[in-house]
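*Asks:* Could you have a look at this structure, given as structure tokens, before my questions?
Chains as they are written, first to last, in the numbering used here: chain A, 35 to 421; chain B, 35 to 421.
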């Protein structure tokens with residue numbers, strides 16, 4: 035084992051700068067960040083109204099090829115609203131991978147719905163669609179065009195494909211499956227800004243897609259997110275619901291439903307405008323870094339760095355070292371050795387079905403997700419690692 | 035009627051600058067706003083971690099005299115978490131004034147609880163405590179130390195006093211009432227940063243108090259809020275719940291409950307630090323402006339400007355013109371004439387029990403709130419209206 039670990043550390047050190055700590059993912063501010071923010075302060079419009087929010091939304095829509103983009107306070111809130119748009123309600127179940135950040139399941143809970151966990155595959159780390167198909171055939175039935183979980187008798191309303199670390203899920207077979215089983219698709223594209231499936235930007239496949247601009251993402255607005263949507267009626271609803279559902283009338287304060295205070299502030303959008311201007315350059319650099327990693331680990335025994343699938347163009351948000359076989363001890367040793375030498379690496383999340391609040395939720399068998407938990411480590415992926 | 039309107043407009047024009055539009059409430063940025071934000075960008079910590087968030091929280095705690103202040107993405111989310119801390123849960127009722135911004139009731143709904151509307155009084159525009167006492171005596175019973183609504187048979191768990199436009203509710207009799215009826219107090223202090231009840235800052239009376247730093251508030255962070263709390267155990271829970279409930283362990287991602295992504299980003303906190311440094315000066319100016327209004331309207335027939343109660347020191351967030359008698363036509367004429375001449379004024383909100391999603395909620399009689407709806411107009415209150 036020691037030799038494998040030594041080889042991995044040595045290979046990482048060939049690519050990464052030495053003598054100073056290397057964070058997992060730092061933001062990069064070399065554009066108009068200060069200019070736009072200072073201008074935003076001068077305008078006094080720093081809050082829920084302002085031209086930067088609209089500008090950022092337009093830039094996002096253009097970049098992703100989505101008809102509409104609605105900016106929100108963060109990705110979790112974007113996912114919450116997207117699920118509501120998918121008709122998810124009290125007592126429904128929503129299929130989500132067990133291997134994802136906790137926010138995916140939390141957003142389901144905010145709708146008073148129940149996460150129903152599905153397994154992953156080792157190629158793209160996303161939902162194992164073939165296994166899911168067999169599971170749905172056996173464990174569900176369709177009554178009045180609604181998919182019902184035979185065990186719980188609850189409707190399964192939607193599915194949330196998560197493009198983990200920026201690698202797109204195989205959307206064609208997923209869409210086919212969802213048509214067959216009457217499932218709404220809500221994409222968790224929090225990690226996949228700049229990732230494409232067969233030429234189409236992620237977040238554009240389902241009814242709504244949620245983006246995130248948290249500090250650790252490819253571009254950041256401090257905190258922030260957005261809902262991508264190609265249906266104009268739904269986009270209007272999203273905007274309405276994220277802005278307290280106020281019916282517009284200057285001299286009257288009237289709200290027609292229980293809305294949310296989920297609008298991205300203008301000052302955060304100002305930062306976003308400067309960041310998205312640099313996104314194409316960021317993506318080039320992230321691709322270069324990924325290629326360096328993949329090449330360097332090509333000859334290494336016992337581990338490799340995840341490449342993009344044939345059908346995809348990745349953003350390579352977080353590069354991912356994958357051990358050939360699950361080995362918790364080896365994984366832990368690599369994590370400790372790298373972090374102790376200043377190279378920030380991290381394991382994947384505890385599988386969601388293992389968290390106290392979700393352990394009683396319905397779940398298919400999670401063989402692959404469990405194995406991946408003991409195989410996968412994220413390695414430093416900041417833009418400034420390529421000059 | 036024309037004469038009353040003419041007098042009111044003339045009096046406003048004596049105080050307000052002419053020749054340019056006067057907004058209701060503009061933010062004021064003449065301090066270290068740009069310096070701190072640029073420094074925040076340079077530090078790269080713009081997101082959920084950073085020294086400005088901690089600094090802002092410490093400054094808030096010091097200013098308000100609260101043991102703890104936890105910064106959040108906005109006031110609505112601060113109120114949501116505060117209610118959860120008050121033990122509000124699925125199927126509970128929570129007493130809220132019908133005369134308040136919709137977020138007060140929405141936050142109750144986010145807890146799957148039901149707003150139960152109470153009447154206001156014309157002295158401070160807050161809850162009519164004496165009327166509420168008579169109502170609770172008649173319409174509720176206490177079973178096992180829980181207050182039960184006789185009609186709905188649901189527990190009434192908490193009450194949300196709202197310090198409307200910055201005027202503190204009369205907290206002593208309210209606290210007495212709440213002790214008698216086993217009600218948790220959760221303060222909606224969104225509008226009352228800088229307002230004191232008998233020398234104690236608002237937001238410090240209940241279990242938790244929610245502040246807001248939206249763009250229209252006395253100080254702003256773009257979007258933002260905070261939870262004030264004097265109980266260290268609860269403060270820890272608040273911090274935990276607003277930061278995805280992650281159990282801290284660098285090399286393990288584990289969350290012990292369904293948390294929220296409600297943390298204020300560092301870049302918004304940087305703006306907040308600059309703003310709070312100027313708060314004492316802002317409050318002096320707002321007091322001066324209020325005194326000018328009160329004096330100017332002293333001799334005017336049919337209307338006056340709300341002064342602070344004897345027990346209170348107001349922040350005078352939004353100055354409030356109050357007609358002697360409810361008169362919807364007169365109110366509408368004043369609103370239209372002022373807004374048409376560039377003086378931004380606004381009516382109070384539609385009473386919450388009149389909104390479609392809340393019209394079936396339990397309610398006491400709302401005589402005074404209804405009357406106030408036809409008596410009250412907010413008038414321009416920006417800090418820059420004083421020299």
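Even glycine gets a Cβ: it sits at the ideal position worked out from N, Cα and C.
If you're wondering where the values come from, they're calculated on a predicted model, not measured in any experiment.
Shortest alpha-carbon distance to residue 416 (chain A) belongs to which of B:36, B:78, B:168?
*Replies:* Among B:36, B:78, B:168, the Cα nearest to that of residue 416 (chain A) is on B:78.
*Asks:* Look at residue 186 (chain A) and residue 396 (chain A) and say whether their C-beta atoms are less than 8 Å apart.
*Replies:* The answer is yes: Cβ separation under 8 Å.
*Asks:* Reducing DSSP to helix, strand and coil, say where residue 211 (chain A) ends up.
*Replies:* If DSSP states are grouped into helix, strand and coil, residue 211 (chain A) belongs with the helices.
*Asks:* Are there 16 or more other CB atoms within 10 angstroms of the CB of residue 421 (chain A), so buried, or fewer, so exposed?
*Replies:* The residue is exposed, with fewer than 16 neighbouring Cβ atoms inside 10 Å.
*Asks:* Would you mind sorting residue 315 (chain A) into buried or exposed? The rule is 16 or more other CB atoms within 10 Å of its CB.
*Replies:* Answer is exposed; the Cβ neighbour count stays below 16.
*Asks:* Anything in chain A within Cβ reach of residue 2 (chain B), meaning under 8 Å, just list it in chain order.
*Replies:* With chain B covering only 35 through 421, there is no way to say anything about residue 2 (chain B).
*Asks:* Compare the C-beta of residue 35 (chain A) with all C-beta atoms of chain B and state if any pair is closer than 8 Å.
*Replies:* Not closer than 8 Å to any Cβ of chain B, the Cβ of residue 35 (chain A) fails to qualify, so no.
*Asks:* Comparing alpha-carbon positions, which option in A:418, A:313, A:360 lies nearest residue 96 (chain A)?
*Replies:* Looking at the Cα atoms, A:313 is the closest of the given residues.
*Asks:* Using CA coordinates, which residue listed in A:296, A:337, A:130, A:352 is at the minimum distance from residue 259 (chain B)?
*Replies:* Checked all of A:296, A:337, A:130, A:352; the closest Cα to residue 259 (chain B) is A:296.
*Asks:* Using the Cβ count rule (16 or more neighbours within 10 Å means buried), how would you classify residue 88 (chain B)?
*Replies:* Residue 88 (chain B) should be labelled exposed.
*Asks:* Could you tell me whether the Cβ of residue 356 (chain A) comes closer than 8 Å to any Cβ of chain B?
*Replies:* Residue 356 (chain A) does not count as touching chain B.
*Asks:* Starting from residue 116 (chain B), trace the alpha helix (DSSP H) both ways and give me its first and last residue.
*Replies:* Note, residue 116 (chain B): alpha helix (DSSP H), 109-119.
*Asks:* DSSP three-state call for residue 39 (chain B): helix, strand or coil?
*Replies:* Residue state, collapsed to three classes: helix.
*Asks:* Hey, how far is the Cα of residue 325 (chain A) from the Cα of residue 354 (chain A)?
*Replies:* Taking the straight line from one Cα to the other gives about 12 Å.
*Asks:* Which residue's Cα is closest to the Cα of residue 306 (chain B): B:277, B:161, B:86, B:56?
*Replies:* It is B:86.
*Asks:* Does the beta carbon of residue 254 (chain B) come closer than 8 Å to any beta carbon on chain A?
*Replies:* Residue 254 (chain B) counts as touching chain A.
*Asks:* Going by other Cβ atoms of all chains shown within 10 Å of its Cβ, with 16 needed for buried, is residue 129 (chain B) buried or exposed?
*Replies:* Flag for residue 129 (chain B) reads buried.
*Asks:* Provide the residue(s) that pair with residue 230 (chain A) in DSSP beta bridges, ordered along the chain.
*Replies:* Bridge partners of residue 230 (chain A): A:235, A:347.
*Asks:* Looking at C-alpha atoms only, which residue of A:109, A:68, A:72 is the closest neighbour of residue 140 (chain A)?
*Replies:* Ranking the options by Cα distance to residue 140 (chain A), first place goes to A:109.
*Asks:* In angstroms, rounded to a whole number, what distance separates the CA positions of residue 268 (chain B) and residue 94 (chain B)?
*Replies:* Distance between the alpha carbons of residue 268 (chain B) and residue 94 (chain B) is about 17 Å.
*Asks:* Given a threshold of 16 other Cβ atoms within 10 Å of its Cβ, counted over all protein chains shown, does residue 256 (chain B) qualify as buried or as exposed?
*Replies:* It counts as buried.
*Asks:* Just checking my contact of residue 403 (chain A) with residue 181 (chain A) at CB under 8 Å: how many whole Å lie between their CB atoms?
*Replies:* Not a contact, Cβ separation roughly 22 Å.
*Asks:* Which residues in the same chain as residue 116 (chain A) place their Cβ atom closer than 6 Å to its Cβ, once the five residues preceding and following it in sequence are excluded?
*Replies:* Excluding residues within five positions, the ones whose Cβ falls inside 6 Å are 220, 242, 244, 261.
*Asks:* CA-CA distance, residue 153 (chain B) and residue 146 (chain A)?
*Replies:* When rounded, the distance between both Cα atoms is 31 Å.
*Asks:* Would residue 233 (chain A) pass as a contact of residue 203 (chain A) if the rule is Cβ separation under 8 Å?
*Replies:* No, the Cβ-Cβ distance between residue 233 (chain A) and residue 203 (chain A) is not below 8 Å.
*Asks:* So what does residue 377 (chain B) bridge to, in DSSP terms?
*Replies:* DSSP output for residue 377 (chain B) lists B:56 as bridge partner(s).
*Asks:* With 8 Å as the threshold, decide whether the Cβ of residue 351 (chain A) is near any Cβ in chain B.
*Replies:* It does not; no Cβ of chain B falls within 8 Å.
*Asks:* Assign residue 190 (chain A) to one of two classes, buried (16 or more other C-beta atoms within 10 Å of its C-beta) or exposed (fewer than that).
*Replies:* Residue 190 (chain A) comes out buried.
*Asks:* Helix, strand or coil for residue 418 (chain B) per DSSP?
*Replies:* Residue state, collapsed to three classes: helix.
*Asks:* Checking contacts by CB at 8 Å: is residue 137 (chain A) closer than that to chain B?
*Replies:* True, the Cβ-Cβ gap to chain B drops below 8 Å.
*Asks:* Can you find at least 3 beta carbon pairs, one from the segment 283-300 of chain A and one from the segment 346-364 of chain A, that sit closer than 8 Å?
*Replies:* Output reads no: the segment 346-364 of chain A does not touch the segment 283-300 of chain A.
*Asks:* CA-CA distance, residue 366 (chain B) and residue 66 (chain A)?
*Replies:* Using only the alpha carbons, I get a separation of about 45 Å.
*Asks:* Taking the alpha carbon of residue 343 (chain B) as the point to measure from, which residue in B:362, B:205, B:265, B:214 has its own alpha carbon closest?
*Replies:* Looking at the Cα atoms, B:205 is the closest of the given residues.
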